[in-house]
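Residue numbers (the numbering used here), protein chains in the order written: chain A, 22 to 610; chain B, 868 to 997; chain C, -8 to 273.
Next comes the structure, spelled out in structure tokens:
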């Protein structure tokens, strides 16, 4: 049933607002919101176009893929702990690191952020009833699921899964060097999930541009949604290039073209240009949503507004803009790219990233900090990304890149930034918004165990990798010589990896306990400021039955704490309509 | 609509400038063309939205003093439950599997895609599930 | 502890060189200076920011229910922490460009002497699945390698003279490989269809291990080689001994077809025969 949605009518409360700040009361008389006789059970799930259902589906699917990829990582680490190990064959090893990287980057980090949490939260944050194109949203999820199954099915075909690294450089990825259906399935999976991402990008941009609630100007949109807008545009820039490259490679493999082969007059390095023009914005597509999550979390647990809101917006746009011009810093060692151009732009990305760091610190500065689980994970993100970001600046220098490229130094760098964002900040966002999505709390004590185990395991895993890379250990190697002297550091790294694995057990137990023995969350357990904390947990169908006036980026905070409302210089202070209690409620219709 | 127009047109101009700088410093074809393509990505819709935005009245979401009541009326049309995204998604999946495993999958893929295309169109016209 | 343990296991030699090699070539030495300068900068800046975060966390722990002051901007400070990073980054870029010009400077390809009169040794390095071949084009010496998946096989050794300029021409017969010598602080791709040229000025005698760093298929981890630098006299003696032993250049066979990975001794008499193609058609 297609519904046209009226804006929520606001009920004048008959009694004072409760501590969670929103009026008790019932719905008005909209029949569509009352008893939906829709499909039930699994048919309900398959036909749902509700962004909340789709977002949860994305999150569950991506977390399952995350665990699968994590198991692959553990196998890799066991193999590497012993230089003479033959736990897995060379072929299997190459498949494992290829699929570990592919699952993590294409199927977990991105989809969890923009398909999962953003899908759920962005319409709530901007005051929209749903995403702009609900059926397209649902299609995104089914393409993602189909693509994930397609990629994993590479393990079931003769010749095994793709084994050329998540970047699939030509000519290694052509039909001569990588025959077999596994590589073709990998390429096709990228086509499906690429379109899934493109459609989500369209939805995000359209929702944030056109479905904001009255009064929510662009500079009152929460930074998480701002970052999702910029991510959506980046997706539109990057993913079509990937699709084109994948089609070209498939044609080389099966239709007799010679785009990437020298013998046919082609240029192998063209693949790298195409791939990295996608690949570098891709890693910022992966990072920006997670930056946005912690940017929404720090103000809540500091009980202060975000420091430098406009600076954050400027920084996000700068990062996105610069990220499109640095792709060939992954190609410094090819000898055929313009080094100064890419080096300078890569260095410059450090500036807006630094602005973000100082704004996060400025948010906490002078605040009243409390360290519940979402805040702990956000702080963990800060430290992880600080070091990962600094080593990234080192890699922006071509001579330093020559000595570290394709060694474990780079592996450590990108794991620090990717885990800092998608895991630390990702769990921060998950723990933060879980009460809103499910109406119940996760246990904070289990969350703290989860955090500390992950934090310790994370540093133990990746600090040795920086060193062993500087000592000369290349990446993507299934074994090494005992005489290299790399064994001890590899053993440490493997122990750390298992500690990381163990940390997720706390998370799983937490989920199970919260389900079996729920603690009701209420509308706003963290005293958050975003609009999403104004509605019930979980939100009703089409999200809002009433809206507060929106005069800053923290409308719920302003409503609950009118004496501490967010005032930006140059903006007139809103005059309360009802002078007696200072709360502005608005009639509708 | 002014906001999205400025965003997209600005993106287009940015890529145009960077693309030209890149071309005259490196003379490298692939990067230049991709940057120019990105410029078009911004300029084409951006210029169109910019032209449209001068014909539209200002929206309450861009008004810092807007009241909730100003957003009264239909917000948008939000299709409810629909099986067609699932069918189309499965059709796309089987289409790519046809490329990998052979033409014998093509009839199934085509059937799924065609029925989804028809179903979605009818659903939109009728305003209800088929 | 998680940070200290790997440092301890790394032999506590982290600090003088930050884990890197000082560089056995002039170019590697220049790279090391840039690297250690950047590491010092990074440690200082990262350390200061990290301490700032820690201090903030400790100083502003929630002590009461009093509402903190709701400030949200400070334009002078925001300008400061925008401008200062730009200056730092600009400085790093300048040092990068200066170092990079030294590292990638090459003498003209057919030069036999540098501008200052040093002899130039030309070596054509061919990467293939899964080994390395070193052809000393001016000396009729060819050193061929094979996949180093045996316990005693450390791959081919490239002998070079100290104090002279070695110009490497790097090509690939099949897929992309990475030519990497840790002690030279240097790597470069062997790209099919591309000829990469770079110069090495080896400073000291010694043996340095090398390995392929770009995933190239099944035996990517078994593409080891080494570089041994000796005095110029010893180098000349070595070169003549190699010629006498028959380790000379491959005379025939195109460089774009697949070289047999087990190509070891190629004598002038059998160099006429085309190399057998081990894999299927190209």
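Every residue, glycine too, gets a C-beta built ideally from N, C-alpha and C.
From the options, residue whose alpha carbon lies closest to that of residue i
i: residue 543 of chain A; options: A:552, A:124, A:486 and A:457; result: A:457
i: residue 130 of chain C; options: C:21, C:137 and C:114; result: C:114
i: residue 320 of chain A; options: A:364, A:349 and A:380; result: A:380
i: residue 343 of chain A; options: B:943, B:982, B:980 and B:902; result: B:902
i: residue 959 of chain B; options: B:947, B:949, B:972 and B:948; result: B:972
i: residue 460 of chain A; options: A:347, A:536 and A:260; result: A:536
i: residue 100 of chain C; options: C:127, C:62, C:55 and C:158; result: C:158
i: residue 56 of chain C; options: A:268, A:415, A:397 and A:325; result: A:325
i: residue 427 of chain A; options: A:188, A:110 and A:181; result: A:188
i: residue 588 of chain A; options: C:11, C:44, C:60 and C:45; result: C:60
Cβ of residue i within 8 Å of any chain C Cβ
i: residue 356 of chain A; result: yes
i: residue 45 of chain A; result: Residue confidence is low: residue 45 of chain A scores 32 on pLDDT, short of 50, so the model does not pin down where it sits. No coordinate-derived value is stated.
i: residue 376 of chain A; result: yes
i: residue 371 of chain A; result: yes
i: residue 599 of chain A; result: With a pLDDT of only 42 at residue 599 of chain A, under the threshold of 50, the placement of this residue in the model should not be trusted; the figure read from the coordinates follows. No, residue 599 of chain A lies away from the interface with chain C (no Cβ there is under 8 Å from its Cβ).
6 Å Cβ shell around residue i - same chain, five flanking residues per side excluded
i: residue 809 of chain B; result: Within the shown structure, residues of chain B are numbered from 868 to 997, placing residue 809 of chain B beyond reach of any answer.
i: residue 487 of chain A; result: 430 and 433
i: residue 323 of chain A; result: 384, 385, 388 and 390
i: residue 503 of chain A; result: 104
i: residue 217 of chain A; result: 161, 164 and 165
i: residue 397 of chain A; result: 472
i: residue 578 of chain A; result: 550
Partners in chain A for residue i, counting only beta-carbon separations shorter than 7 Å
i: residue 908 of chain B; result: 257 and 258
i: residue 933 of chain B; result: 235 and 236
i: residue 43 of chain C; result: 382
8 Å Cβ cutoff met for residue i and residue j
i: residue 423 of chain A; j: residue 353 of chain A; result: yes
i: residue 872 of chain B; j: residue 904 of chain B; result: no
i: residue 237 of chain A; j: residue 135 of chain A; result: no
i: residue 228 of chain A; j: residue 153 of chain A; result: yes
i: residue 356 of chain A; j: residue 53 of chain C; result: no
i: residue 334 of chain A; j: residue 77 of chain C; result: no
i: residue 202 of chain A; j: residue 223 of chain A; result: no
i: residue 367 of chain A; j: residue 29 of chain C; result: no
i: residue 225 of chain A; j: residue 139 of chain A; result: yes
i: residue 119 of chain C; j: residue 165 of chain C; result: yes
i: residue 175 of chain A; j: residue 206 of chain A; result: yes
Partners in chain C for residue i, counting only beta-carbon separations shorter than 8 Å
i: residue 386 of chain A; result: 47 and 51
Test: residue i CB closer than 8 Å to a CB of chain B
i: residue 67 of chain A; result: yes
i: residue 533 of chain A; result: no
i: residue 346 of chain A; result: yes
i: residue 239 of chain A; result: yes
8 Å Cβ cutoff, residue i in contact with chain A
i: residue 107 of chain C; result: no
i: residue 20 of chain C; result: no
i: residue 956 of chain B; result: yes
i: residue 892 of chain B; result: yes
i: residue 938 of chain B; result: yes
i: residue 87 of chain C; result: yes
Under 8 Å by beta carbon: chain B residues contacting residue i
i: residue 294 of chain A; result: 895, 897, 898 and 901
i: residue 213 of chain A; result: 959, 960 and 963
i: residue 156 of chain A; result: 946, 949, 951, 952 and 987
Sequence-distant residues of the same chain with beta carbon closer than 7 Å to residue i, five excluded per side
i: residue 275 of chain C; result: The structure shown does not extend to residue 275 of chain C, since chain C is modelled only from -8 to 273, so the question has no answer here.
i: residue 102 of chain A; result: 511, 512 and 515
i: residue 93 of chain A; result: 117, 120 and 121
i: residue 68 of chain A; result: 60
Proximal residues of chain A, C-beta to C-beta of residue i below 8 Å
i: residue 11 of chain C; result: 424 and 491
Proximal residues of chain C, C-beta to C-beta of residue i below 7 Å
i: residue 585 of chain A; result: 58 and 61
i: residue 332 of chain A; result: 69
Under 9 Å by beta carbon: chain B residues contacting residue i
i: residue 232 of chain A; result: 928, 942 and 943
Contacts of residue i in chain C (Cβ-Cβ under 9 Å)
i: residue 2 of chain A; result: There is no way to answer for residue 2 of chain A, as the model of chain A reaches only from 22 to 610.
Sequence-distant residues of its chain with Cβ nearer than 8 Å to residue i (five each side left out)
i: residue 454 of chain A; result: 138, 141, 142 and 553
i: residue 358 of chain A; result: 349 and 352
TODO: Using a Cβ-Cβ cut-off of less than 7 Å, list which residues of the segment 189 to 206 of chain A approach chain F; keep chain order.
DONE: Looking at the structure shown, chain F is missing, and the protein chains on hand are A, B and C.
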